[in-house]
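Let me begin by presenting the structure, written as structure tokens, before commenting on it.
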């Protein structure tokens, strides 16, 4: 028994000795260190590293000239094959960094480090002193190589690894969830591509996201065609690229300046010239493939044609500010006859799944295939919105929730503008390869009785709220509508809209033309590559809206925001015919537009203060009669608006354009009042613009 116990103790002792032996850790071994005792291997490794550096490192002339004294910090690794690899270098001069990398590339292969008898990697940090110090004459701490952990090495190299991850810019925006800035002129470039027979595209809900349109239009290839050959940084930024553009595997962003600089002359005005002076910046980008962001800030001063200035001042908000610039926002007085109007637009765009896009921001939206929209338009000022686009099968469903303002004195709440809300649903269905049908509903309500945003309106089911309002009409103002589009062939399509605010079938049958029949319609046609001319688009559109459409019997539940219509620019009680031509060739473009209209305006002269149905902000109970209501009643006014524009795209990346245009306007009412009078305007303009939104000067 005693012999057995002694044998067992010997085996345990031997096993412990073996474990201690195999747990021994050895540093990498240079050939000249192979005969050195184990305890001195690390010191030999350190000296070998510094000796190699001392005899191979060539101090750059720049540091010698400037008598530089300092350190070059290097993190490096000796891998399992015995190869030296630089992880990170830090120095005040790039020349020192480059030289350190060159010297480490000259290191010979050595025997790798071992742990428990198996090869492993080792990571170290060193400080190369400038001027160089001969390791044979230095103290121990000068020639010491410090071992560091992998985590510490990664932390020290994190900043440089971010720089290394930045790649050549490829403009990921072209396939992103960003909106394509909505301008009628630019959208005409890919309108035909999206309307070819057989496409399953949906073209009414705007603005489009790049990811959607890129299935039909190759933005990258089209942009490449416009590139100018230039080798200078300034030339590239002027003609081809974003001012700042950075891209890595996981993110990208761009920064551009914004300009809208115009100078012109209005022949009908007393002042010498018109102008607009807009400066700003635009930031856009993406984090991953699903989240994108956009922000633009505008600072502007301007004076426009006289009829635009009068219209802007007629929209005046409660308070000291003299005007609301149409489509932009509230303006302060600048000097004695101009306006200062800052604007900001921004949004986040997120696609949690391939068939869903969610946007939240401050901007504008548009529903329709025409120049005008009778359902939801972009003619009003930017406003907060939440939008959900869902696309599957042959369906695209757009839910939009808007936060609006009524800025008139009579609706202020404790001196503040009245908040109101709009919820809209639009269902687009590609019935066949040629035919698309759309159904629309919107409901607008106010913050009366501290009601706030009613969560019931988050219900996404179309026509749900319209049915409910049949039993509670005063709770809000519901509008329904429809759209249709037919692709006659690849170059011709016909589109239409119908909007219904209120309807009385009995009055229609009786032929009384009741005020209750509040509706409007649109019909139009687009001819792409007209007369076999590539990139020439011709368009005809007719719009007609009966009096009192979009208005309501409560003071604030009209279809408006910031004293501007959320549908057609003219409100209601009008008919118009529009002819448009658009052409582009390489960087050149030209647009022509003719608008003929008949409008019925209010007298507002003290003797006749009735509402004849054009002003959507008036109570429809102020009408002069219930029957015999027809388009053009009140002051019948014939209008003509014409515009010819030509220009050159300076930079397609930022959409910076040089342009000149001339506008003609004839406004001819049958009666003259203090607010309605004849005018005949010719307005010349020349300018430089970052084209991001539609200006509507055809009021």
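Residue numbers (this note's numbering): 312 to 1010.
Idealized CB from N, CA, C, for every residue including glycine.
Own chain, CB closer than 6 Å to residue i, minus 5 neighbours either side, in chain order
i	result
residue 904	891 and 954
residue 593	567, 569 and 607
residue 432	388, 390 and 391
residue 640	652, 654 and 692
residue 647	none
residue 436	386, 457 and 459
residue 709	516, 700 and 737
residue 383	402, 407, 411 and 439
residue 359	341
Residue range of the unbroken alpha helix (DSSP H) whose run includes residue i
i	result
residue 362	352-367
residue 617	617-625
residue 373	372-376
residue 530	530-536
residue 383	No alpha helix (DSSP H) holds residue 383; the beta strand (DSSP E) holding it covers 381-389.
residue 412	405-416
Beta strand (DSSP E) segment containing residue i, residue limits
i	result
residue 544	No beta strand (DSSP E) contains residue 544, which is instead part of the alpha helix (DSSP H) from 544-550.
residue 836	829-838
residue 644	640-645
residue 521	Unbroken run through residue 521 is the alpha helix (DSSP H), 521-524; no beta strand (DSSP E).
residue 853	847-856
residue 990	990-1001
residue 893	885-896
residue 458	457-459
residue 500	Run containing residue 500: none in the beta strand (DSSP E); it sits in the alpha helix (DSSP H), 495-505.
residue 401	395-401
residue 605	602-614
residue 555	555-558
Beta-carbon proximity list for residue i, same chain, < 8 Å, skipping 5 on both sides
i	result
residue 911	858, 884, 885, 923, 924, 925, 942, 943, 944, 945, 946, 947 and 948
residue 497	491, 966 and 1002
residue 321	Residue placement at residue 321 cannot be trusted, given a pLDDT of 43 that sits under 50; the coordinates are not used to answer.
residue 800	508
residue 479	558
residue 502	514, 837, 839 and 848
residue 536	897
residue 990	579, 617, 618, 976, 977 and 978
residue 599	561 and 562
Separation of residue j from residue i, as counted between CA atoms
i	j	result
residue 364	residue 481	40 Å
residue 333	residue 428	Reliability of the predicted coordinates at residue 333 is poor, the pLDDT of 43 falling under 50, and the value obtained from them is presented with this limitation in mind. Cα to Cα, residue 333 sits roughly 6 Å from residue 428.
residue 746	residue 814	27 Å
residue 981	residue 940	18 Å
residue 389	residue 413	16 Å
residue 595	residue 565	6 Å
residue 1007	residue 511	31 Å
residue 879	residue 831	10 Å
residue 584	residue 915	31 Å
residue 485	residue 551	15 Å
residue 574	residue 773	47 Å
residue 685	residue 706	21 Å
residue 855	residue 700	29 Å
residue 798	residue 544	46 Å
residue 401	residue 677	53 Å
residue 446	residue 362	6 Å
residue 866	residue 807	31 Å
residue 842	residue 957	21 Å
residue 262	residue 932	Residue 262 lies beyond the stretch modelled for the chain, which goes from 312 to 1010, so this question has no answer here.
residue 556	residue 546	15 Å
residue 974	residue 650	21 Å
residue 659	residue 694	14 Å
Close-in-space but distant-in-sequence residues of the same chain around residue i (CB under 7 Å, 5 per side omitted)
i	result
residue 703	666
residue 627	633, 634 and 635
residue 825	815, 818, 937, 938 and 940
residue 895	500 and 846
residue 522	486, 487 and 488
residue 972	954, 955, 956 and 996
Distance between beta carbons of residue j and residue i, contact taken as under 8 Å
i	j	result
residue 735	residue 687	6 Å
residue 898	residue 959	6 Å
residue 637	residue 611	Not a contact, Cβ separation roughly 13 Å.
residue 873	residue 718	6 Å
residue 588	residue 597	No, residue 588 and residue 597 are not in contact; Cβ-Cβ is about 32 Å, not under 8 Å.
residue 928	residue 869	5 Å
Residues that residue i bridges to, as DSSP identifies them
i	result
residue 811	791 and 830
residue 953	905 and 975
residue 711	698 and 735
residue 674	694
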